[in-house]
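Below is one structure, written out as structure tokens; comments come after it.
Number of protein chains: 4
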Amino acid sequence: MAKSLNLGMIGYGFMGRAHSNAYRKVNHFFDLEYRPVLKAICARDASKAEAFAKNWGYESVETDWRKLVERPDIDVIDICTPNNLHHEIALAAARAGKMILCEKPLAMNSQEGAEMVEAVEKAGVANMVWYNYRRLPAVALAKKLVEQGRLGRIFHYRAVFLQDWTISADLPQGGAALWRLDAAAAGSGVTGDLLAHCIDTALWINGGIERVTAMTETFVKERKHNLTGKVEPVGIDDACAFLARFKNGSLATFESTRYARGHKALYTFEINGEKASIQWDLLDLHRLSYFDHRDESGLRGWRSIHVTDGEHPYMSHWWVPGLQIGYEHSFVHQVADFLEGLAQKIPASPTFRDALETQQVCDAVLRSAKSGEWVAVK
Amino acid sequence: MAKSLNLGMIGYGFMGRAHSNAYRKVNHFFDLEYRPVLKAICARDASKAEAFAKNWGYESVETDWRKLVERPDIDVIDICTPNNLHHEIALAAARAGKMILCEKPLAMNSQEGAEMVEAVEKAGVANMVWYNYRRLPAVALAKKLVEQGRLGRIFHYRAVFLQDWTISADLPQGGAALWRLDAAAAGSGVTGDLLAHCIDTALWINGGIERVTAMTETFVKERKHNLTGKVEPVGIDDACAFLARFKNGSLATFESTRYARGHKALYTFEINGEKASIQWDLLDLHRLSYFDHRDESGLRGWRSIHVTDGEHPYMSHWWVPGLQIGYEHSFVHQVADFLEGLAQKIPASPTFRDALETQQVCDAVLRSAKSGEWVAVK
Amino acid sequence: MAKSLNLGMIGYGFMGRAHSNAYRKVNHFFDLEYRPVLKAICARDASKAEAFAKNWGYESVETDWRKLVERPDIDVIDICTPNNLHHEIALAAARAGKMILCEKPLAMNSQEGAEMVEAVEKAGVANMVWYNYRRLPAVALAKKLVEQGRLGRIFHYRAVFLQDWTISADLPQGGAALWRLDAAAAGSGVTGDLLAHCIDTALWINGGIERVTAMTETFVKERKHNLTGKVEPVGIDDACAFLARFKNGSLATFESTRYARGHKALYTFEINGEKASIQWDLLDLHRLSYFDHRDESGLRGWRSIHVTDGEHPYMSHWWVPGLQIGYEHSFVHQVADFLEGLAQKIPASPTFRDALETQQVCDAVLRSAKSGEWVAVK
Amino acid sequence: MAKSLNLGMIGYGFMGRAHSNAYRKVNHFFDLEYRPVLKAICARDASKAEAFAKNWGYESVETDWRKLVERPDIDVIDICTPNNLHHEIALAAARAGKMILCEKPLAMNSQEGAEMVEAVEKAGVANMVWYNYRRLPAVALAKKLVEQGRLGRIFHYRAVFLQDWTISADLPQGGAALWRLDAAAAGSGVTGDLLAHCIDTALWINGGIERVTAMTETFVKERKHNLTGKVEPVGIDDACAFLARFKNGSLATFESTRYARGHKALYTFEINGEKASIQWDLLDLHRLSYFDHRDESGLRGWRSIHVTDGEHPYMSHWWVPGLQIGYEHSFVHQVADFLEGLAQKIPASPTFRDALETQQVCDAVLRSAKSGEWVAVK
């Protein structure tokens, strides 16, 4: 019989749903020593929290996260709040000896992030950040191929994360659904929201980034604020692009925007190595494109690998070859890996410490965008 | 509070898992009057049934489907057995006044199918067949576009379902995982297994088929049989192709095989109308290709619609635009539609009667393949 | 210095231009013993023939093909007329001892075709039919891969040629640009015009066809005739689909139509073998898709081969890797092969005899479409 | 009768062939007032020049470009030499009152380029630079769509030009085929060779660039030099990426490399506007991808426009819809436009002055790569 792991989740938005679904599904598909128990959901709005609890089967509701963090029956705190609360909650939870799962980006900035790392490491509690794209089978396969040395020396890395949902100047900022447009709640715009994903994947697969030069832009300078009711300056970056040099000598370009008409969530990356190259695209998340120069001359071509076979990462747990899984499964995999990590006493990645590195790149990017200069990471 | 609907499932294979997952997820994502309760799982092998029950949370286990069918606490029987048991179970379940969900194809042949239709209609019990692909958002969108008359007069329909998993002559036939290769259990090969899906979609979107001419082939003539331990003739069709004429005057080609190297589950269809055309591909199930001749001249092209917006069929229940769902969600949608149908007292399609039509086309196809002549459907 | 080969071309339409361009280009890119000389163009309309001659540099003009055929300074007759003239011209040209290049399809039917074969073989003159798609590098590569046995035993062949240019009922039939819609000039509709290409490629790559069952349809039953000025019945097939069995045991589907909205010239074929599969698409003529089951497990995928490297068929004669050639180059290659064949005294394919086989399949298809029965080829 | 325009070409490499082919074809497909006459080819190696002349039909051969430039029977000088000779030849040709067609990039640097502009403008001679990609139908269509304002305000531009042909460290530098790797002959590496194309297209379609920040890398630091026979430092940039801000407020990323394994000539660009977006890819040069937000909601998608209809730019001169042209046709179109410009007395673009702007961006990019700072263009 699986051991119970009691969860208390703070926040019930998009990520609250994605995590809850993962907790409820994981043991049906993965044979694990631990089983998450949905002990409590916490949100300021009691009636919304109640409805959420009822829908997902949370046993109780809290409206004050401080109380949740102190509850002795809670093993794990899952932080799904806007970014500006990550730091305070994480510090309290660590103090209370709770394991912590935190939505990305880790914090508002590296300073906060460093304190969070210190807190969890000092408390000795398990910790993980929800950079879920690592757990998509095609991305995990990309990581594996690079690790196996199949690409040889890496020359280039390029990634974009393109969206188009904020083009209208009539869209307000702030509040429940739109806190991502409010600098006070989000810290930054696309840098922390989207590029952070690209950076996390890149660091994981291609190692550390040495330095960057960046530019940012805010195309719509003012938007009505949902909390104040007034038109206020927009403090976030609508778009950000940067050049980077990795420690392994490879060159990179990164770009993100919410003004790329026609792209809902085009997260792509490409890696060019001496012997092979890799491409991936979130909009067709179950495919990995792979070019291997060692293929017979005259028959070389980019292979479109439909990453749905039993031998592909995570896929033996699901259906049969050719039948694809979706976005939500990345969270199921991440929970499975976290629980497996607990059983094996090997921290599942990315830990707070891993995620701090991403935060440091984000900070360097934003500093460079201001100064116009190359900025060393850290 | 949702009303309980007590389920008894027979069979625990690939489809047993797919259905169980759907039952457990549906109320988290759809606001419904009914809630499925996993009352009992039934299978001959008690220990495997126990394990399955424990994994998915079934409350009880039966090893004799006759007992299950008689249990007064069961509202719905879900038939996930090999095809040769559909008929007998369905008749008994109808007699016992149970609602029936039956895996596809409906039966071993039209004769059986007709008796099943008669049984459920006489008993007045809700009934549905698991042609799940109707519930993929892109397929549902295709149906909607045709219904809206956007394609105008239909000229052509073409569909293929290509796999490559039985090419090896060393693969045995029969038994748990391989009953689909055993004519005694499956009735037919690709015709009932794969073409039945293509036909169901076609009938749904393009109306009735008038007549067909077909060919079938069994490439590997003998395989070891898992039940007898001996090499025995292969009775199923490895490949089947047919030409068809629809009642609306359109022409069609259909083809299926398990010998198309490189294709794991390539189910595609295309419809060409006077004003517009549509293409779909299961391997990229979240996309619909659409060509509209009314687009401005010089700018016409096939549009790749990423069917993941809130306004696309079913998608408002899931994540955000650009984030895709997978194969398993078609079952969730079908359960949701069945439950909604119960609440609204409108039968969810395809009913047994709908599925009988597909069976009749399959029968005509197999008859034509033998006779070498055009065969009228029914 | 290259030897001159004096050409007399009959017809100046679409094909007249394509051939003329090929004759003018071929020696710039291929090192050949022979050099075509544009000696004469022949057409009934003298002023149009003059204009054509001036544009392309033909030295003289004829308005009666019988005179051209008798001219002692002509070595080769190139027949670019509507189909109904191929037979008569070819017989006369053979009688006059001319080499003959004939547009496809070879003839109005097999009977005519057989007489043409007899005529050229009796006369001992070089002869070739313009099934130009054999000379596209990607198609030639496909042929080579099959010949090398890379696919192993062939299970399936499927081909379509889809267009949409005749959907409008207002389009007239007959006359200069529209003789393809006039049964008297064209013999058949899509069968001779488009399927003939598909069949030629198939016979070349996959060997002989044993028998077929077919259906045809004429969606628009009457069209104004440009020659009579009256609305007249349409005698051609607008669409044709057939099932086939090849001599090597493989199964095939073929389909062609001019009513597939959204397709301008979608000629695709796919071949599935035991070990590998191939796909090709005229709309991206420089790519060959190739799946090889011998690729490492977990990394298999369809390779998109950009057939533009120096080692790919014909490509060393053109530019640099990645830079593509187009449709017209297939004719340049066919001329080059014909000239090379002359020098080597090895007939370039397809000869009249090769093309007769395609004609025989077309005839069987049309007979089957009438009788509703399987028809053996020949 | 068309007026003769006497051409003298200097250089007979890859570009010499591409231009010669264009000169020989253009009047067959375009109805023009002028007709190029291949008067003379000039190259230091007399026997190679003779062979080239014979193959392409040049009437005479020169081995000293100064003599060619002085010949009174020459109207136009076409400069197809390595970059380090453009300046000197162009100045001499302008002095001699010749029209000048010059291969790209215009010069080794902006200083040279400015002098060349001054020379041709002072001499009042027609001049053009061979940025041929402007003349591909899909690129010309992109330009037209932007000009028509269909994209609305432009937010983003991104372009890459990726190759993989210099990855091997064994490849030497310098000499006939490899002057592009020799800084003394080429000036720069990918910046002048590949990015120059990207920049030219961008300036043409999206207007001027204000400032840039760049990085370059030379992955292989030393290569054997074909001229000296010794291993020598590599002076060119193997890879270059830069961020840019356009005058219209849009943000851009540009990248080029010869170390992107799997890419032979992947030149792609994308433009994101408020209302619509555009993508193009040289490897499928006949397609334009277009997303229009004004399409009906729920049916929006990227359209793949097969730019081969008669109404598409340049295509009425070629074959029929669906049949594609290739790389070489861009040169035919450029010659046609140049000749048409002569007739209309409207300079065909890009003129030397237009190309100088591209040179200035290249210079700014290379300066920024050295300084690590943002550099204003010009």
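If you read the protein sequences in the order shown, they are chains A, G, C and P.
The numbering of the first sequence is the working numbering, which starts it at 1081 and goes up by one.
The numbering of the second sequence is the working numbering, which starts it at 1081 and goes up by one.
The numbering of the third sequence is the working numbering, which starts it at 1081 and goes up by one.
The numbering of the fourth sequence is the working numbering, which starts it at 1081 and goes up by one.
By construction, the Cβ of each residue, glycine as well, lies at the ideal position given by its N, Cα and C atoms.
Source: prediction; values computed, not measured.
Exercise for the section: Express the C-alpha separation of Met-1208 (chain P) and Ala-1423 (chain P) in angstroms, rounding to a whole number. Expected result: Residue mapping note: residue 1423 (chain P) aligns to position 343 of the fourth sequence, counting from 1. Residue mapping note: residue 1208 (chain P) aligns to position 128 of the fourth sequence, counting from 1. Their Cα atoms are separated by approximately 15 Å.
Handout entry: CB contact check: Asp-1125 (chain P) to chain G, cutoff 8 Å
Key = Looking up residue 1125 (chain P) in the fourth sequence gives position 45. It does not: the Cβ of Asp-1125 (chain P) has no partner Cβ on chain G nearer than 8 Å.
Practice task
Flag this pair as yes or no: are the beta carbons of Gly-1091 (chain C) and Arg-1151 (chain C) separated by less than 8 Å?
Solution key: Locating residue 1091 (chain C) in the third sequence gives position 11, counting from the first residue. Locating residue 1151 (chain C) in the third sequence gives position 71, counting from the first residue. Cβ atoms of Gly-1091 (chain C) and Arg-1151 (chain C): not closer than 8 Å.
Problem - When A:Gly-1378, A:Met-1395, A:Glu-1376 are compared against Gly-1378 (chain C), the one with the closest alpha-carbon - result: Taking the third sequence and counting its residues from 1, the one referred to as residue 1378 (chain C) is at position 298. The shortest C-alpha separation from Gly-1378 (chain C) is found at A:Met-1395.
Problem - CA-to-CA distance, Tyr-1339 (chain C) to Val-1314 (chain C), given in whole angstroms - result: One-based indexing of the third sequence puts residue 1314 (chain C) at position 234. One-based indexing of the third sequence puts residue 1339 (chain C) at position 259. Between Val-1314 (chain C) and Tyr-1339 (chain C), the C-alpha separation is close to 15 Å.
Exercise for the section: Would you mind sorting Lys-1184 (chain A) into buried or exposed? The rule is 16 or more other CB atoms within 10 Å of its CB. Expected result: For this step, residue 1184 (chain A) is matched to residue 104 along the first sequence. Buried, because 16 or more other Cβ atoms sit within 10 Å of the Cβ of Lys-1184 (chain A).
Handout entry: CB contact flag (Asp-1443 (chain G), Ala-1428 (chain G), <8 Å)
Key = Your numbering for residue 1443 (chain G) matches position 363 in the second sequence. Your numbering for residue 1428 (chain G) matches position 348 in the second sequence. It is not a contact, given that the beta carbons lie outside the stated cut-off.
Handout entry: Backbone secondary structure at Thr-1367 (chain G) - three-state DSSP
Key = Against the second sequence, residue 1367 (chain G) aligns to sequence position 287. The displayed chain sequence assigns Arg, not Thr, to residue 1367 (chain G). Reduced to three states, the DSSP call for Arg-1367 (chain G) is strand.
Exercise for the section: May I ask you to verify whether the segment 1343–1359 of chain P touches the segment 1228–1248 of chain P, counting CB pairs closer than 8 Å and requiring at least 3? Expected result: yes
Practice task
May I ask you to verify whether the segment 1126–1135 of chain A touches the segment 1434–1452 of chain A, counting CB pairs closer than 8 Å and requiring at least 3?
Solution key: No: fewer than three Cβ pairs fall under 8 Å.
Exercise for the section: Look at Val-1240 (chain C) and Leu-1346 (chain C) and say whether their C-beta atoms are less than 8 Å apart. Expected result: What you label residue 1240 (chain C) is simply residue 160 of the third sequence in a count that begins at 1. What you label residue 1346 (chain C) is simply residue 266 of the third sequence in a count that begins at 1. Contact annotation: Val-1240 (chain C) and Leu-1346 (chain C) have beta-carbon atoms nearer than 8 Å.
Practice task
Sort out for me which residues DSSP pairs Leu-1181 (chain A) with in a bridge.
Solution key: Counted from its first residue, the first sequence places residue 1181 (chain A) at position 101. Looking at the DSSP assignment, Leu-1181 (chain A) forms a beta bridge with A:Asp-1158, A:Met-1208.
Handout entry: Trp-1145 (chain P) beta carbon less than 8 Å from that of Lys-1223 (chain P)
Key = Within the fourth sequence, residue 1223 (chain P) is the residue found at index 143, counting from 1. Within the fourth sequence, residue 1145 (chain P) is the residue found at index 65, counting from 1. In this structure, Trp-1145 (chain P) does not lie closer than 8 Å to Lys-1223 (chain P) by Cβ.
Exercise for the section: Drop a sphere of 10 angstroms on the beta-carbon of Ile-1426 (chain P), count the other beta-carbons inside from all chains shown, and report buried for 16 or more, exposed for fewer. Expected result: Here the question's residue 1426 (chain P) lines up with position 346 in the fourth sequence. Sixteen is the threshold: since fewer than 16 other Cβ atoms of the shown chains lie within 10 Å of the Cβ of Ile-1426 (chain P), the residue is exposed.
Practice task
Would you mind stating whether Asp-1155 (chain P) and Asn-1086 (chain P) have Cβ atoms separated by less than 8 Å?
Solution key: If you number the fourth sequence from 1, residue 1155 (chain P) lands on position 75. If you number the fourth sequence from 1, residue 1086 (chain P) lands on position 6. Between Asp-1155 (chain P) and Asn-1086 (chain P), the C-beta spacing is below 8 Å.
Practice task
Leaving out five residues on either side along the sequence, give the residues of the same chain with a beta carbon under 8 Å from the beta carbon of Lys-1301 (chain A).
Solution key: Locating residue 1301 (chain A) in the first sequence gives position 221, counting from the first residue. Pro-1313, Val-1314, listed in sequence order.
Exercise for the section: May I ask you to list, following chain order, the residues of the segment 1393–1427 of chain G that have a beta carbon less than 9 Å from some beta carbon of chain A? Expected result: Trp-1398, Trp-1399, Val-1400, Pro-1401, Gly-1402, Leu-1403, Gln-1404, Ile-1405, Gly-1406, Tyr-1407, Glu-1408, His-1409
Handout entry: Short-range partners of chain C found in the segment 1329–1344 of chain P, where Cβ spacing is below 9 Å
Key = His-1343, Lys-1344
Handout entry: chain E residues whose Cβ lies nearer than 7 Å to that of His-1386 (chain P)
Key = This model lacks chain E altogether; the protein chains it does include are A, G, C and P.
Handout entry: Per-residue burial, Gly-1229 (chain C) [other beta carbons within 10 Å of its own, 16 or more giving buried]
Key = Counting from one through the third sequence, the residue named residue 1229 (chain C) turns up at place 149. With fewer than 16 other Cβ atoms within 10 Å, it is exposed.
Handout entry: Whole-angstrom distance between Gly-1390 (chain P) and Ile-1247 (chain P), CA atom to CA atom
Key = By 1-based counting over the fourth sequence, the position of residue 1247 (chain P) is 167. By 1-based counting over the fourth sequence, the position of residue 1390 (chain P) is 310. In a straight line, the C-alpha of Ile-1247 (chain P) is about 41 Å away from that of Gly-1390 (chain P).
Practice task
Using a Cβ cut-off of 9 Å, pull out every chain C residue sitting near Leu-1225 (chain G), in sequence order please.
Solution key: For the purposes of this step, residue 1225 (chain G) is taken as the residue at position 145 of the second sequence. Simply none; closest approach about 13 Å.
Practice task
Anything in the segment 1130–1141 of chain P with a Cβ closer than 7 Å to a Cβ of chain C? List those residues in chain order, please.
Solution key: Asn-1135, Trp-1136
Exercise for the section: Would you identify the three-state DSSP class for Ser-1451 (chain C), choosing helix, strand or coil? Expected result: By one-based count along the third sequence, residue 1451 (chain C) stands at place 371. Of the three classes helix, strand and coil, the one that applies to Ser-1451 (chain C) here is helix, per DSSP.
Handout entry: Beta-carbon proximity check, Arg-1115 (chain A) vs Asn-1107 (chain A), cutoff 8 Å
Key = As a position in the first sequence, residue 1115 (chain A) is number 35, starting the count at 1. As a position in the first sequence, residue 1107 (chain A) is number 27, starting the count at 1. For Arg-1115 (chain A) and Asn-1107 (chain A), yes; Cβs fall inside 8 Å.
Problem - Below-8 Å beta-carbon distance, Trp-1382 (chain C) vs any chain A residue - result: Numbered from 1 along the third sequence, position 302 holds the residue referred to as residue 1382 (chain C). So yes, Trp-1382 (chain C) belongs to the interface.
Problem - Presumed contact (8 Å Cβ cut-off) between Gln-1243 (chain C) and His-1343 (chain C), rounded CB distance - result: Translated into the one-based positions of the third sequence, residue 1243 (chain C) becomes position 163. Translated into the one-based positions of the third sequence, residue 1343 (chain C) becomes position 263. Indeed they touch by this definition, with Cβ atoms about 6 Å apart.
Practice task
Kindly say whether Glu-1391 (chain P), judged by its beta-carbon, lies nearer than 8 Å to any beta-carbon of chain G.
Solution key: Residue mapping note: residue 1391 (chain P) aligns to position 311 of the fourth sequence, counting from 1. By this cut-off, Glu-1391 (chain P) is an interface position.
Problem - Straight-line Cα distance separating Ile-1279 (chain G) from Ala-1176 (chain A) - result: Counted from its first residue, the first sequence places residue 1176 (chain A) at position 96. Counted from its first residue, the second sequence places residue 1279 (chain G) at position 199. Roughly 60 Å separates the two Cα atoms.
Exercise for the section: Taking 8 Å as the cut-off, decide whether the C-beta atoms of Leu-1225 (chain C) and Val-1387 (chain C) are in contact. Expected result: Residue mapping note: residue 1225 (chain C) aligns to position 145 of the third sequence, counting from 1. Residue mapping note: residue 1387 (chain C) aligns to position 307 of the third sequence, counting from 1. Cβ atoms of Leu-1225 (chain C) and Val-1387 (chain C): not closer than 8 Å.
Handout entry: Tyr-1211 (chain P) vs Val-1219 (chain P) beta-carbon contact at 8 Å
Key = Position 131 of the fourth sequence, counted from the first residue, corresponds to residue 1211 (chain P). Position 139 of the fourth sequence, counted from the first residue, corresponds to residue 1219 (chain P). No, they are not a contact pair.
Exercise for the section: From the DSSP output, in three-state form, read off Arg-1124 (chain P) for me. Expected result: Along the fourth sequence, read from residue 1 onward, the residue named residue 1124 (chain P) stands at position 44. Reduced to three states, the DSSP call for Arg-1124 (chain P) is coil.
Practice task
Name, please, each residue of chain P whose Cβ falls closer than 8 Å to the Cβ of Trp-1454 (chain A).
Solution key: Against the first sequence, residue 1454 (chain A) aligns to sequence position 374. Below the 8 Å Cβ cutoff, chain P contributes Gly-1452 as neighbours of Trp-1454 (chain A), in chain order.
Practice task
Starting from Phe-1094 (chain P), find everything on chain C with Cβ-Cβ shorter than 9 Å and list it in chain order.
Solution key: Residue 1094 (chain P) sits at position 14 when you count from the first residue of the fourth sequence. Here the neighbours are Trp-1399, Val-1400.
Problem - Within 9 Å of chain C by C-beta, residues of the segment 1147–1177 of chain P in sequence order - result: none
Exercise for the section: Step through the CB atoms of chain G and report whether any lies within less than 8 Å of the CB of Gly-1378 (chain P). Expected result: Working through the fourth sequence from its first residue, we reach residue 1378 (chain P) at position 298. So yes, Gly-1378 (chain P) belongs to the interface.
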